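Some notes on the structure that comes next.
In my numbering, the protein residues as written are 1277 to 1595.
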């Protein structure tokens, strides 16, 4: 570990917050689930985004769901059929960062050195934007209808949603899954406070503001990653954005503190477009709790909305 940071910080802060990934434990796979298939898309420059695509499981096709997963270097392929099983009438597109194979099961703390060096929010934004533009062009060239589309950001993935929104034709709204909506630096400070490592968080802030090269590794990430994170705007774009926002989080989330979710929910105050929030009591970062799969509950709400999109994305939560 470089930068003079204590090893305990890597365990208590970086791996407990920023290397969360998509740590869900979905329910059993349905026997009739439609399988996901590779759907490669161009990223920025010469990079490729190894996306996954799945048609609607049940007719009629009503909408599309575009998913931006969380951090780490594991793919969603091994769990995709189960995880998205409840999206019955939706076509689903799952993006992956360049360098992440959809079938990879790599632990968050074991990402390859080249992935760690390339992993930055700005780069991921640029690659995902290019992929979504290519997806829209392909659909237009094939004469496919413009369906209502929902952008889902899982944990870290939610930090990209405002930047990606302009690339999605027919955008019906954004879904924040286990994401506070705060600027990531502010959410990180609240998590550090909860874990009792605020001094280490402040030290990391000084380190990223210093003159060391962006390739320097600190807490399992490059300083380039931390520099992006430290200045990444999310709260204001979400507050000022014209899209409906549906935010769902677990009451027992160990990776994002309740204070961050509570502060994030206040972004709805004075907002022009709807913003609705639902806490899943007792659920963890993956929205799982004993006897309840909060991810499938979220998909059930989207399915209710899709029967009559004009009702608005937040309508199912008001019932």
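Where is the CB? At the ideal position from N, CA and C, for every residue including glycine. Note that the coordinates shown come from a computational prediction; the quantities given were computed from them, not determined experimentally.
Simplified DSSP assignment, three categories, for residue 1464: The count along the chain shown starts at 1 and reaches residue 1464 at position 188. Annotated three-state conformation of residue 1464 is helix, per DSSP.
C-beta contact flag for residue 1491 and residue 1393 at 8 Å: Numbered from its first residue, the chain shown carries residue 1491 at position 215. Numbered from its first residue, the chain shown carries residue 1393 at position 117. Taking 8 Å as the Cβ cut-off, residue 1491 and residue 1393 qualify as a contacting pair.
Nearest candidate by alpha-carbon position, reference residue 1559, set 1525, 1587 and 1549: Taking the first residue of the chain shown as 1, we reach residue 1559 at position 283. If we check each option's Cα against that of residue 1559, 1525 comes out closest.
Strand pairing of residue 1313, partner residues [DSSP]: Your numbering for residue 1313 matches position 37 in the chain shown. Answer is 1329.
Residue 1257, DSSP secondary structure in three states: The chain is shown from 1277 up to 1595; residue 1257 falls before or after that span and cannot be answered.
Exposed unless 16 or more other CB atoms sit within 10 angstroms - verdict on residue 1403: Position 127 of the chain shown holds residue 1403. The residue in question, residue 1403, is buried, as its Cβ has 16 or more Cβ neighbours within 10 Å.
DSSP beta-bridge partners of residue 1366: On the chain shown, residue 1366 is found 90 positions in, with the first residue counted as 1. Its beta-bridge partners are 1339.
Exposed unless 16 or more other CB atoms sit within 10 angstroms - verdict on residue 1584: On the chain shown, position 308 is the one that residue 1584 refers to. With fewer than 16 other Cβ atoms within 10 Å, it is exposed.
Expected contact under 8 Å - CB spacing of residue 1553 and residue 1430 to nearest Å: Translated into positions along the chain shown, residue 1553 becomes position 277. Translated into positions along the chain shown, residue 1430 becomes position 154. The Cβ separation is near 17 Å, so there is no contact.
Pair within 8 Å by beta-carbon distance, residue 1520 and residue 1590: Numbered from 1 along the chain shown, position 244 holds the residue referred to as residue 1520. Numbered from 1 along the chain shown, position 314 holds the residue referred to as residue 1590. The Cβ-Cβ distance between residue 1520 and residue 1590 falls below 8 Å.
Whether residue 1372 touches residue 1334 by CB criterion (8 Å): Mapped onto the chain shown, residue 1372 falls at position 96. Mapped onto the chain shown, residue 1334 falls at position 58. No, they are not a contact pair.
Buried or exposed (CB count within 10 angstroms, at least 16 for buried), residue 1357: The count along the chain shown starts at 1 and reaches residue 1357 at position 81. Buried.
Cβ neighbour criterion (16 or more within 10 Å) applied to residue 1571: For the purposes of this step, residue 1571 is taken as residue 295 along the chain shown, with counting starting at 1. Buried.
Start and end residues, beta strand (DSSP E) containing residue 1554: Here the question's residue 1554 lines up with position 278 in the chain shown. 1551 to 1556 is the extent of the beta strand (DSSP E) around residue 1554.
CB contact flag (residue 1573, residue 1458, <8 Å): Along the chain shown, one-based indexing puts residue 1573 at 297. Along the chain shown, one-based indexing puts residue 1458 at 182. The answer is no: Cβ separation not under 8 Å.
Neighbourhood of residue 1577 by C-beta distance below 7 Å, restricted to the same chain and skipping five residues each side: Start at 1 with the first residue of the chain shown, and residue 1577 comes out as number 301. So the qualifying residues of the chain are 1592 and 1593.
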